[in-house]
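One structure below.
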Amino acid sequence: MAGAPASERDRRLPCRTVMTAEPKTPLTILLASPRGFCAGVDRAIQIVERAIERYGRPVYVRHEIVHNRYVVENLEARGAVFVDELDQVPDDRPVVFSAHGVPKAVPAEAARRRLHYVDATCPLVSKVHREAERHHASGRSVVLIGHAGHPEVIGTMGQLPPGAVLLVEDVAQAEALEVPDAANLAFATQTTLSVDDTLDIVAALRRRFPAIQGPKLEDICYATTNRQAAVKAIAQRCDALVVIGAANSSNSMRLVEVAANYGCSRSRLVQRASEMDWQWLEGARRLGITAGASAPELLVDEMIAACRARYEVTVEEVRTIEESVVFKLPRQLVA
Ligand code: SF4
Numbered sequence: 227m228a229g230a231p232a233s234e235r236d237r238r239l240p241c242r243t244v245m246t247a248e249p250k251t252p253l254t255i256l257l258a259s260p261r262g263f264c265a266g267v268d269r270a271i272q273i274v275e276r277a278i279e280r281y282g283r284p285v286y287v288r289h290e291i292v293h294n295r296y297v298v299e300n301l302e303a304r305g306a307v308f309v310d311e312l313d314q315v316p317d318d319r320p321v322v323f324s325a326h327g328v329p330k331a332v333p334a335e336a337a338r339r340r341l342h343y344v345d346a347t348c349p350l351v352s353k354v355h356r357e358a359e360r361h362h363a364s365g366r367s368v369v370l371i372g373h374a375g376h377p378e379v380i381g382t383m384g385q386l387p388p389g390a391v392l393l394v395e396d397v398a399q400a401e402a403l404e405v406p407d408a409a410n411l412a413f414a415t416q417t418t419l420s421v422d423d424t425l426d427i428v429a430a431l432r433r434r435f436p437a438i439q440g441p442k443l444e445d446i447c448y449a450t451t452n453r454q455a456a457v458k459a460i461a462q463r464c465d466a467l468v469v470i471g472a473a474n475s476s477n478s479m480r481l482v483e484v485a486a487n488y489g490c491s492r493s494r495l496v497q498r499a500s501e502m503d504w505q506w507l508e509g510a511r512r513l514g515i516t517a518g519a520s521a522p523e524l525l526v527d528e529m530i531a532a533c534r535a536r537y538e539v540t541v542e543e544v545r546t547i548e549e550s551v552v553f554k555l556p557r558q559l560v561a
């Protein structure tokens with residue numbers, strides 16, 4: 227039969243088995259919007275890219291510019307070198323400070339060494355720094371609501387002398403807090419906290435210290451607030467919900483908690499599609515997807531494509547608010 231044309235060969239077969247693909251299980255993806263990059267992250271990444279263009283490679287970056295491995299590796303490929311501390315930066319190379327902000331001692335040390343530095347601190351974090359300084363200058367003790375050890379908290383505490391900031395992580399700590407002078411007290415918050423948890427902590431502080439001063443709304447930024455609101459809008463409709471983001475990204479972790487608190491207990495953080503545990507999704511017909519403020523949209527696209535390879539996917543985007551915030555780049559990198 228080797229010489230016969232294919233169609234003739236097929237006609238001579240006694241019986242043909244027609245293979246048909248199994249129909250895929252339907253899956254509706256509820257895509258939370260807004261999600262992913264915020265204006266502060268976008269600005270920080272642009273700062274590193276422009277610094278490399280302007281000063282050549284390598285440009286040093288103190289700490290992960292934003293908490294996302296994909297972003298960091300991409301910038302490394304372009305010529306960024308990420309370090310933990312300034313003493314790893316050579317005297318003749320520029321250094322960028324991350325979006326989370328740095329203690330005052332860091333730019334002071336850079337200036338002492340005459341390093342060329344560019345500050346990529348998000349302007350909304352800088353605003354909290356200025357608030358803390360203003361309260362301290364007015365003789366108030368500052369209570370900072372935030373997570374111990376997070377770079378933003380270290381940066382904000384480092385705006386004031388050691389011991390001047392009292393850190394409170396939860397309601398229990400707010401209830402137990404001892405202050406030097408209850409009449410001279412103010413609070414500030416990390417920008418990426420859970421809106422609901424923070425309201426509870428602020429309520430406890432206000433009840434215990436009625437004279438405490440603070441922002442009308444907490445310092446939680448627009449991007450954190452909006453991403454949490456978008457998750458709240460879809461959580462009840464989802465059988466499972468995936469937050470694309472990194473475990474050390476505070477705002478991403480809060481999105482997982484918000485999903486669970488608002489009706490989707492099967493929610494988890496996934497760095498990217500290749501790390502997805504598909505067994506975990508078994509039986510789900512509606513999957514919520516969102517992304518933390520430091521996760522690029524490309525990783526969301528990748529997750530949807532991975533779902534399409536396994537399911538008959540329908541995507542429904544649920545938008546709760548339009549965002550149009552843009553932050554200017556530092557003057558030294560413009561023009
Ligand atoms: S999450 Fe908020 S505070 Fe943090 S970089 Fe984005 S806009 Fe700025």
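Under my numbering, the first residue of the sequence shown is numbered 227, with each subsequent residue one higher. Even for Gly, the Cβ is constructed at its ideal location relative to N, Cα and C.
Q: Examine the ligand SF4 and report whether any of its heavy atoms sits within less than 6 angstroms of the Cβ of Leu-203.
A: The structure shown does not extend to residue 203, since the chain is modelled only from 227 through 561, so no value can be given for it.
Q.
With a threshold of 6 angstroms (Cβ to nearest heavy atom), would Thr-418 be considered close to the ligand SF4?
A. Against the sequence shown, residue 418 aligns to sequence position 192. Within the cutoff, so yes.
Q: Please go through the same chain and pick out, in chain order, the residues whose beta-carbon is closer than 8 angstroms to the beta-carbon of Ala-277, but skip the five residues on each side of it.
A: Position 51 of the sequence shown holds residue 277. Only Val-285, Pro-320, Val-322, Val-344, Leu-559 meet the Cβ criterion.
Q) How do the stretch 284-304 and the stretch 352-364 stand: do at least 3 beta-carbon pairs fall below 8 angstroms, yes or no? A) The stretch 284-304 vs the stretch 352-364: no contact.
Q) Which residue spans inside the stretch 244-316 form an unbroken beta strand (DSSP E) run of at least 3? A) Here the runs fully enclosed are 251-259, 285-288, 306-309.
(Q) Quick check: does the Cβ of Gly-372 come within less than 6 angstroms of any heavy atom belonging to the ligand SF4? (A) Position 146 of the sequence shown, counted from the start, is the residue given in the question as residue 372. Checking the 6 angstroms criterion, the Cβ of Gly-372 is out of range of every heavy atom belonging to the ligand SF4.
Q: Take Phe-435 and list the residues in its own chain whose beta-carbon comes closer than 6 angstroms to its own, dropping the five residues that flank it on each side.
A: In the sequence shown, counting from the first residue as 1, residue 435 sits at position 209. Same-chain partners within the cutoff: Ala-408, Leu-411.
(Q) Buried or exposed, going by whether 16 or more other CB atoms sit within 10 Å of the CB of Thr-417? (A) Taking the sequence shown and counting its residues from 1, the one referred to as residue 417 is at position 191. Counting every other CB atom within 10 Å of its CB across the protein chains shown gives Thr-417 a total of 16 or more, marking it as buried.
Q) Mapping DSSP to helix, strand and coil, what is Asp-422? A) The residue given as residue 422 occupies position 196 in the sequence shown. Here Asp-422 sits in helix by DSSP.
Q: Look at the alpha carbon of Thr-382 and the alpha carbon of Ser-367, and state the distance between them as a whole number of angstroms.
A: For the purposes of this step, residue 382 is identified with residue 156 of the sequence shown, where counting begins at 1. For the purposes of this step, residue 367 is identified with residue 141 of the sequence shown, where counting begins at 1. Using only the alpha carbons, I get a separation of about 14 angstroms.
Q) Which residue comes first and which comes last in the beta strand (DSSP E) that contains Val-457? A) For the purposes of this step, residue 457 is identified with residue 231 of the sequence shown, where counting begins at 1. First-last for Val-457: 448-461, but that is the alpha helix (DSSP H), not the beta strand (DSSP E).
**Q.** Alpha-carbon spacing of Ala-346 relative to Ala-459, whole angstroms
**A.** The residue given as residue 346 occupies position 120 in the sequence shown. The residue given as residue 459 occupies position 233 in the sequence shown. Approximately 32 angstroms between the Cα atoms of the pair.
Q: Can you give me the Cβ contacts of Ala-400 inside the same chain, cut-off strictly under 6 angstroms, excluding the 5 residues immediately before and after it?
A: The residue given as residue 400 occupies position 174 in the sequence shown. Only Val-394, Ile-427, Ala-430, Leu-431 meet the Cβ criterion.
Q | Short Cβ contact (7 angstroms threshold) for Gly-518 with Ser-478 | A | The residue labelled residue 518 in the question sits at position 292 within the sequence shown. The residue labelled residue 478 in the question sits at position 252 within the sequence shown. Closer than 7 angstroms, so yes.
Q: Check whether the Cβ of Val-267 lies closer than 6 angstroms to any heavy atom of the ligand SF4, and answer yes or no.
A: Counting from 1 along the sequence shown, the entry for residue 267 is found at position 41. Yes, the Cβ of Val-267 comes within 6 angstroms of a heavy atom of the ligand SF4.
Q: Determine contact between the stretch 441-450 and the stretch 485-499, defined as no fewer than three beta-carbon pairs at a distance below 8 angstroms.
A: No, the stretch 441-450 is not in contact with the stretch 485-499.
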